[in-house]
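To keep things clear, I will list the structure first and then write my remarks on it.
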Amino acid sequence: MAHQMPFIVGLTGGIGSGKSSAASCFLQHGAVVIDADEISRNLTAPDSPVIRELAAKFGTGILTSDGSLDRAALAEIVFGNTASLSALNEIMHPKIRAEVLSRIADVDPSEIVVYDMPLLVETNSVDICDAVVVIDLDVDRQVERLVANRDMSAEQAIARINNQSSREERNLAATWIINNNGTPQEFNQGCSFVWEEIVKRAHKMRT
C-alpha cells in the first residue's frame, strides 16, 4: 500500500491580512502548523550555508555585526527590484520547499498539516497542497493595519501590498476564503467554520 500523506492545507494571504491569527486558530483545533517564515529564519542562521550564499549574491551589507541576516537591509535591496527579488526567491524557495516536504513526511498521515506560507501563490507552492485557505481583506483595511502594527507609512504599506500577488490571483487559488474585514470575533468564527470544512474534506479524501 502506498504511504499515506497527511492532508495538506496551504494558508496564505496578503501582508498584514491575519494569517498568523488563522494559523493559531487552526493550531488550537489540532492542526500541525508548518511556518514558512520560521523555516526561512532557521535556514538563514548566522554562518549557515544559505546566509553565505545570500551575502555572496547581495553583499555583506545584508549582515549585522554578529553575522545574522539584516532582514530590513535585504528587503531594501530586493524590494521593488524584480531581478533581485527573483534572485532571492531562487536561492530561498527551493530550500524552504525541501524542508517543508521533509517535515510533512515526518507527520502522521492521520493529521492535518497547515502550511502557513505568505508567498504560496507567487512561488507556485499550491501544488503541494490538497486545499488552500486564503485570508482576504480590503486593501484600505490592510494599509490601516500595517501602519498601526508594523510601523510603516501608508506609502510603504501600499508598496509592500503591490509587491505581492493581487487579491484576485490569490483568491482564484482558494478552496476557502476567510474574510477578515470584521471584528476579531467574527474572524475567529470564520476560521473555526473553515476548520470544520477542512476536517470533512480530509475525511472524505481518506475514505
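Numbering (the working numbering), first residue to last: 1026 to 1232. Ideal Cβ positions, reconstructed from N, Cα and C, are used throughout, including at glycine.
- Buried is the label assigned to residue 1141, since at least 16 other Cβ atoms lie within 10 Å of its Cβ.
- For residue 1086, the closest C-alpha among the options 1056, 1175, 1102 is that of 1102.
- Here the C-alpha atom of residue 1071 lies approximately 15 Å from the C-alpha atom of residue 1084.
- Residue 1030 and residue 1096 have their C-alpha atoms some 34 Å from each other.
- Three or more Cβ pairs closer than 8 Å define a contact, and the region 1117-1131 meets that threshold against the region 1146-1159.
- Counting along the chain, residue 1161 sits inside no alpha helix (DSSP H); it lies in the beta strand (DSSP E) bounded by residues 1156-1161.
- Per the Cβ contact rule, the region 1035-1045 is in contact with the region 1178-1189 (3 or more Cβ pairs under 8 Å).
- With distances taken between CA atoms, residue 1228 lies nearest to 1155 out of 1066, 1124, 1155, 1089.
- If one requires a minimum length of 4 residues, the alpha helix (DSSP H) runs lying completely within the region 1093-1135 are 1096-1103, 1107-1130, in chain order.
- Per DSSP, the continuous alpha helix (DSSP H) segment holding residue 1215 begins and ends at 1209-1231.
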